[in-house]
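Here the structure comes first, spelled out in structure tokens, and everything after it is commentary.
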Amino acid sequence: MTAIKDVMTALKEVLLLTEKVTRTGETLSEVARELREHDRRLIRLETLVDLARSKNNRLISD
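For the sequence shown, my numbering gives the first residue as 85, with consecutive numbering after it.
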């Protein structure tokens, strides 16, 4: 009986671990999506700053 109980306990642990890995993978996917969105926003901001600097330099040199 102990062997069956040990097997059942091990199977429960495997199922719990599988669920945790699945949730962690989903969370990681969400974080990756957010990171890509932040990267896009940062690129847009950098572009705006570069354009503003470029226009400012043209005004100063004129």
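C-beta: ideal position from N, C-alpha, C; glycine also.
**Q.** Local conformation of methionine 85 per DSSP, three classes
**A.** Sequence index remark: in the sequence shown, residue 85 carries index 1 (1-based). Three-state result, methionine 85: coil.
Q | Rounded straight-line distance, which links the Cα of serine 113 to that of leucine 100 | A | Numbered from its first residue, the sequence shown carries residue 100 at position 16. Numbered from its first residue, the sequence shown carries residue 113 at position 29. Looking at the two C-alpha atoms, the distance is approximately 20 angstroms.
**Q.** Own chain, CB closer than 6 angstroms to threonine 106, minus 5 neighbours either side, in chain order
**A.** Position 22 of the sequence shown, counted from the start, is the residue given in the question as residue 106. Correct list: empty, nothing qualifies.
Q. Can you tell me the Cα-Cα spacing of leucine 126 and serine 138, whole angstroms?
A. Locating residue 126 in the sequence shown gives position 42, counting from the first residue. Locating residue 138 in the sequence shown gives position 54, counting from the first residue. Answer to the nearest angstrom: the Cα atoms are 18 angstroms apart.
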